[in-house]
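Numbering (this note's numbering), first residue to last: 32 to 311. Glycine included, each C-beta is placed from N, C-alpha and C at the ideal position. Note that this is a predicted model, so its numbers are computed, not measured. These notes are about the structure you will find just below.
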Amino acid sequence: MNDIFNSPAVSAVVELALREDIGTGDLTTAAIFGGGERCRARVIAKEKGIFCGGELAGIIYGKVDPAVKIDIIVRDGREISSGETALVCEGPTAGILTGERTVLNFLQRMCGIATKTGGIVSLLRGTGIEVLDTRKTAPGMRLLDKYAVKAGGGRNHRMGLFDMVMIKDNHTKGAGSIAEAVKKVRALHGDAFTVEVETTTLEEVREALEAGADIIMLDNMDTETMAGAVRIIKGKAKTEISGNVDERRIAELKKLKVDYISIGALTHSVKAFDLSMKFE
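Here it is as structure tokens:
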């Protein structure tokens with residue numbers, strides 16, 4: 032997914048972030064620095080976690096002042112310790128100061144997502160269960176949010192409405208039944224796309240299985256009901272747990288023989304990772 036950094040979507044969100052912060056100009060920096068000053072600054076972790084976003088920092092500074100150069104010390108997906116330098120910025124002082132907050136805002140979010148994902152992945156290690164993200168991302172930030180999930184060891188679910196079929200409760204209600212919804216999807220798309228069906232009861236699990244769903248989501252079920260669903264499916268479709276999953280539930284959920292656990296909180300409830308920029 033490294034090619035996302037060359038995508039128009041990422042370029043657009045970076046430019047938007049810079050416009051809303053810089054506006055008509057950095058009043059403080061313009062008053063204090065004449066333009067010829069140069070400096071080195073370090074982005075330093077203030078807690079332990081998984082780093083993510085080094086390449087993006089270079090892209091941001093490339094738009095603020097191409098004379099600012101970035102030396103990435105810690106690569107995306109690598110662990111970083113409190114007090115460790117993640118990257119070094121060198122170049123015009125004015126450019127480094129003007130881009131500082133935007134760089135930190137992006138990196139703190141991306142590192143926070145990667146760190147959260149990595150923690151859950153570690154709890155599931157050895158089970159074969161993969162951690163999936165969702166579409167519950169910040170508007171305009173989907174590519175970066177999902178990149179950060181991968182950096183933390185997770186796997187991307189569908190990128191949007193366009194690359195996978197997911198039949199949710201409102202689709203089922205509108206179609207009249209799970210079977211009818213799957214039938215209509217197959218009639219239009221055939222086998223061109225993976226078809227996932229959201230279920231909340233064992234009756235719906237049976238219906239989704241009989242309808243030929245590729246993946247059956249067990250949504251907001253209690254552990255006993257999910258265990259029953261797994262016994263019904265018997266490997267005839269992939270299984271995904273979703274809904275109210277956090278670190279506290281992983282211990283019981285990892286005993287179930289499912290394929291995936293999807294967690295919206297990876298991206299919709301991000302705890303910003305503590306980073307700071309310090310001049311040398």
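Segment limits, beta strand (DSSP E) that includes residue i
i	result
R73	R69 to A76
K100	K100 to I103
M308	L306 to F310
K269	K269 to S273
L287	From DSSP, L287 is part of no beta strand (DSSP E); its letter is neither H nor E.
Q248	Note that residue 248 corresponds to Met in the displayed sequence, not to Gln. From DSSP, the beta strand (DSSP E) with M248 extends over I246 to D250.
L163	E161 to L163
Whole-Å CB distance - residue i paired with residue j, under 8 Å assumed
i	j	result
G205	G183	With 8 Å as the limit, G205 and G183 do not qualify as a contact, their Cβ atoms being about 36 Å apart.
C83	D107	5 Å
I294	L174	With a Cβ gap of about 19 Å, I294 and L174 do not count as contacting.
V119	R71	6 Å
M252	L287	No, M252 and L287 are not in contact; Cβ-Cβ is about 10 Å, not under 8 Å.
N96	G65	Per the sequence shown, the amino acid found at residue 96 is Asp instead of Asn. Contact flag wrong, Cβ pair sits at about 14 Å.
I81	E278	15 Å between Cβ atoms; not a contact.
Status (buried if at least 16 other CB within 10 Å, exposed otherwise) for residue i
i	result
I63	exposed
R262	exposed
T203	buried
H220	exposed
G185	buried
T254	exposed
K100	exposed
E229	buried
T232	exposed
E131	buried
E227	buried
E110	exposed
T59	exposed
G207	exposed
A125	buried
F137	buried
E235	buried
G159	exposed
A179	buried
K177	buried
K147	buried
G67	exposed
G157	exposed
S273	buried
The alpha helix (DSSP H) enclosing residue i, as first and last residue numbers
i	result
E51	P39 to I53
A23	Only positions 32 to 311 of the chain appear in the structure, and residue 23 is not among them; the question remains open.
C142	T124 to L154
D176	R173 to A182
L343	Absent from the model: residue 343. The displayed extent of the chain is 32 to 311, so no value can be given.
L284	E278 to L284
M257	T254 to I264
E86	G85 to V95
* Looking at C-beta atoms only, is the number of pairs between the segment 165–175 and the segment 291–310 that lie closer than 8 Å three or more? -> The segment 165–175, when compared against the segment 291–310, does touch it at the 8 Å Cβ threshold.
_Could you check whether the segment 212–222 touches the segment 134–152, counting it as contact only if at least three pairs of C-beta atoms, one from each stretch, sit closer than 8 Å?_
In the pairwise beta carbon analysis, the segment 212–222 is classified as not touching the segment 134–152: fewer than three pairs are separated by under 8 Å.
Check: If you scan the segment 199–243 from start to end, which runs of the alpha helix (DSSP H) of 4 or more residues do you find wholly inside it?
Finding: 200–206, 209–220 and 233–242
Check your understanding: Given 8 Å as the limit, is there contact between the segment 240–247 and the segment 261–276, that is, 3 or more CB pairs closer than that?
Key -> yes
(message) Under 8 Å: do the segment 184–195 and the segment 52–70 share three or more Cβ pairs, one atom per stretch?
(response) no
**Q.** the segment 231–245 touching the segment 111–122, judged by at least three CB pairs closer than 8 Å
**A.** no
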